[in-house]
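To start, the structure under review is shown below, and the notes come after it.
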Amino acid sequence: MSPRYHDSEDSDIGSQVSALEISETQRSPAWCRRGPLRFCGSFSIRPSSLSPERRERRKALYRQLLIAFGILFTLGLIAIIIYLSIVAALLHHLSPPEIKSGLQNIVDNWQEPDTNGAYKYRWRDDFSRDIVPKHCHSHNDYWRRVPLYQALANGCIGVEADVWLTEDQELLVSHAWRATKKERTLRSLYLDPLSYIFEDRNVSQASAGDREVGLFDADPNASVILLIDFKNDGHQIWPVVLSQLQSFRDRNWLTYFNGTQLIKGPLTIVGTGNTPFELVQANNTNRFIFFDAPLDVIDDVKYTSENSYYASVNMKQALGRFRLHKIKPSQVEVIQKQVKAASDKGLVSRYWDTPKWPISFRDKVWFTLTENDVGMLNVDDIISATRWNWNMCIVAGIRLCGNS
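Each residue of the sequence shown is one higher than the one before, starting from 6 at the first, in my numbering.
Pasting the structure below:
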């Protein structure tokens with residue numbers, strides 16, 4: 006048989022490929038050669054270049070790092086648990102106790118006024134039980150879920166109602182005209198509920214020198230202050246307010262000036278906003294609406310305790326801006342001077358538009374005002390103001406008391 010010669014170019018290429026496949030098969034481990042797919046291809050698996058000693062040291066290092074991570078994770082978890090436990094304990098210890106009174110029962114079951122007016126609630130003898138009246142003013146009180154009652158349930162003796170006069174001579178309560186509702190009137194939100202309270206409690210009249218019965222059991226002589234903000238034409242609003250208050254005056258429930266003496270009643274009415282000062286002054290013998298005088302010019306001789314009750318001012322207007330959430334000594338001096346000037350005239354000082362944030366600075370402002378004998382603390386967060394310890398509103402970086 007004559008020998009065969011590979012005389013074609015294709016034969017040479019095929020021989021080379023076959024030789025290469027044999028070479029790869031010899032170099033590849035058995036597990037790479039099995040199966041329909043060859044995962045290893047032409048790559049060979051070489052033994053590690055690390056010595057056994059170095060491999061052991063590396064494994065030991067990995068074990069140590071894993072142990073350290075486990076210890077740190079465990080310690081962190083324990084710290085978080087301790088932190089949360091402390092905060093929970095502080096919340097339990099510092100949270101104000103639950104209010105149990107007739108007033109709070111009304112707050113819990115309050116119903117919006119309807120076309121029939123204010124809802125009359127069943128009277129309870131524990132109406133103001135354990136409620137201590139405080140000199141705080143519920144700013145924009147009608148914005149609260151429960152106007153009037155919520156402030157009283159927390160001990161605030163001052164509430165505020167902004168009124169708009171309609172064409173049919175009704176006084177709607179709202180901060181802005183576009184937000185008014187025909188059911189939310191001065192009578193349905195404030196005057197009628199106060200009338201029901203005074204009737205059910207049979208409060209002592211203004212003529213009584215020392216009242217036996219007031220709105221609050223803890224202090225029968227505490228007068229509730231209703232601040233009425235005249236939002237549109239004050240001269241047109243004035244006679245309507247007088248008319249709606251007349252029944253209170255007839256029953257001797259209102260604080261009034263009789264020409265020589267100021268007689269304190271269970272309810273004191275103060276006009277602000279567009280309230281005409283000249284109309285307040287006009288009635289010299291039966292004045293039962295008093296003025297909210299400007300605190301920053303309280304030295305003006307025309308403002309007296311016979312025609313005014315509050316002396317109020319925008320805090321920023323009176324003190325300027327607070328830098329870095331700090332009250333400068335010069336600003337404290339202004340507070341002291343203004344508060345004393347109002348007190349010397351027998352007026353109740355009040356700063357509005359006080360800082361609300363951060364909470365720690367808000368509380369610092371409250372401290373500064375109360376320490377300097379401000380007459381009335383203007384507040385939005387009545388629960389924090391009346392029932393929390395202001396030193397404990399922020400503990401361990403967590404805000405415990407907030408807006409209400």
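We put the beta carbon where it would ideally sit given N, CA and C, even for glycine. Everything numeric in this text was worked out from a predicted model, so none of it was measured.
Residue closest to G264, alpha-carbon to alpha-carbon, out of G219, L329, H330 and T290: Each of G219, L329, H330 and T290 was checked against the Cα of G264, and the nearest Cα belongs to T290.
- prompt: So is D146 buried or exposed if we call it buried at 16+ other beta carbons inside 10 Å?
  reply: Only buried fits D146, as 16 or more other CB atoms lie within 10 angstroms of its CB.
query: Nearest CA to the CA of S313: which residue from E117, D173 and L352?
result: Measuring from the Cα of S313, the nearest candidate turns out to be L352.
- prompt: Between A123, Y154 and D119, which lies nearest to I136 when the distance is taken from Cα to Cα?
  reply: When A123, Y154 and D119 are compared, the shortest CA-CA separation from I136 is found for Y154.
- request: Go through its chain and collect everything with a Cβ distance to V245's Cβ below 7 Å, but skip five positions before and after it.
  value: L170, Q174 and L176, listed in sequence order.
query: Considering only C-alpha positions, which residue in the set F132, L250 and L191 is nearest to V208?
result: Ranking the options by Cα distance to V208, first place goes to F132.
message: By the three-class DSSP mapping on this structure, what secondary structure does I104 have?
response: Shown here, I104 sits in coil according to DSSP, grouped into three states, outside any helix or strand.
task: Quick one: residues in its chain with C-beta nearer than 8 Å to the C-beta of K105, no 5 flanking neighbours on either side, listed in chain order?
output: Correct list, in chain order: D131, R134 and D135.
field: Continuous alpha helix (DSSP H) stretch holding V285: start and end
entry: From DSSP, the alpha helix (DSSP H) with V285 extends over F282 to A287.
message: In the DSSP assignment, the beta strand (DSSP E) including E376 goes from what residue to what residue?
response: Run containing E376: none in the beta strand (DSSP E); it sits in the alpha helix (DSSP H), I364 to E376.
message: Considering only the alpha carbon of each residue, which of V285, A223, L324 and A227 lies closest to I242?
response: The shortest Cα separation from I242 among V285, A223, L324 and A227 belongs to V285.
- prompt: Under three-state DSSP, which class holds D255?
  reply: D255: helix per DSSP, three-state reduction.
field: Extent of the continuous beta strand (DSSP E) to which V302 belongs
entry: That residue, V302, is in no beta strand (DSSP E); it is neither H nor E in DSSP.
- request: Starting from E172, follow its DSSP beta bridges and name the residues at the other end.
  value: Residue pairing from DSSP leaves E172 without any beta-bridge partner.
field: DSSP three-state assignment for A316, whether helix, strand or coil
entry: The answer is strand: DSSP assigns A316 an E or B state.
query: Between the C-alpha atoms of L66 and P57, what's the straight-line distance to the nearest angstrom?
result: For the pair L66 and P57, the Cα-to-Cα distance works out to about 14 Å.
Whole-Å CB distance - S228 paired with G270, under 8 Å assumed: S228 to G270, Cβ: 6 Å. Contact.
- request: Can you give me the start and stop residues for the beta strand (DSSP E) that D234 sits inside?
  value: Here the beta strand (DSSP E) through D234 covers V229 to F235.
- prompt: According to the neighbour-count rule (16 or more other Cβ atoms, all chains shown, within 10 Å of its Cβ), is L108 buried or exposed?
  reply: Classification of L108: buried, given that the 10 Å Cβ count is 16 or more.
- prompt: Among K307, R292, D304 and R367, which has the Cα closest to the Cα of M320?
  reply: Checking every option, the nearest Cα to that of M320 belongs to R367.
query: In the structure shown, what three-state DSSP assignment does Y261 receive?
result: In the structure shown, Y261 falls within a strand segment according to DSSP collapsed to helix, strand and coil.
message: In the DSSP output, which residue or residues are listed as bridge partners for H142?
response: Looking at the DSSP assignment, H142 forms a beta bridge with G163 and N383.
- prompt: Whose C-beta lies closer than 8 Å to the C-beta of N237 among residues of the same chain, with five residues either side of it excluded?
  reply: Within the same chain, N237 has close Cβ partners W169, L170, W182 and N279.
field: Buried/exposed call for L80, threshold 16 Cβ in 10 Å
entry: Within a 10 Å sphere around the beta-carbon of L80 sit fewer than 16 other beta-carbons, which makes this residue exposed.
- request: For Y341, I'd like the list of residues in its chain whose CB is within less than 6 Å of its CB, leaving aside the five on either flank, ordered along the chain.
  value: It is worth fixing the name first, because residue 341 is Gln in this sequence and not Tyr. Excluding sequence neighbours, Q341 sits near N377.
- request: Compare the beta carbon distance of D5 and A123 with 8 Å and say whether it is the shorter of the two.
  value: Beyond the ends of the chain as shown, which are 6 and 409, falls residue 5; an answer cannot be given.
field: Backbone CA spacing between T375 and C141 [nearest angstrom]
entry: Approximately 10 Å, taken between the alpha carbons.
Chain-order list of residues whose beta-carbon lies under 7 Å from that of H330 (same chain, five-residue window excluded): Result list for H330: P363 and F366, in chain order.
Buried or exposed by the 16-neighbour rule on C-beta atoms within 10 Å, applied to Q69: Within 10 angstroms of the beta-carbon of Q69 lie fewer than 16 other beta-carbons, which makes it exposed.
message: Between which residues of its own chain and Q336 is the CB-CB distance below 6 Å, once the five residues before and five after are set aside?
response: Closer than 6 Å at the Cβ level, and outside the excluded window around Q336, lie L324.
query: Helix, strand or coil for T277 per DSSP?
result: Here DSSP, grouped into helix, strand and coil, assigns T277 to strand.
- request: Name, in chain order, the residues that DSSP records as bridge partners for R292.
  value: Looking at the DSSP assignment, R292 forms a beta bridge with F262.
query: Quick one: what does DSSP say G239 is sitting in, helix, strand or coil?
result: It is helical.
query: If you count every other CB in all the chains shown that lies within 10 Å of the CB of Q116, and 16 or more means buried, which is it?
result: Counting Cβ neighbours within 10 Å, Q116 comes out exposed, since fewer than 16 surround it.
query: In chain order, what residues of the same chain lie with their CB nearer than 7 Å to the CB of V318, ignoring the 5 residues before and after it?
result: Here the set comprises P299, L300, D301 and Y356.
- prompt: Based on Cα-Cα distance, which residue from R149, D304, V218 and S200 lies nearest to Q251?
  reply: Closest by alpha carbon: S200.
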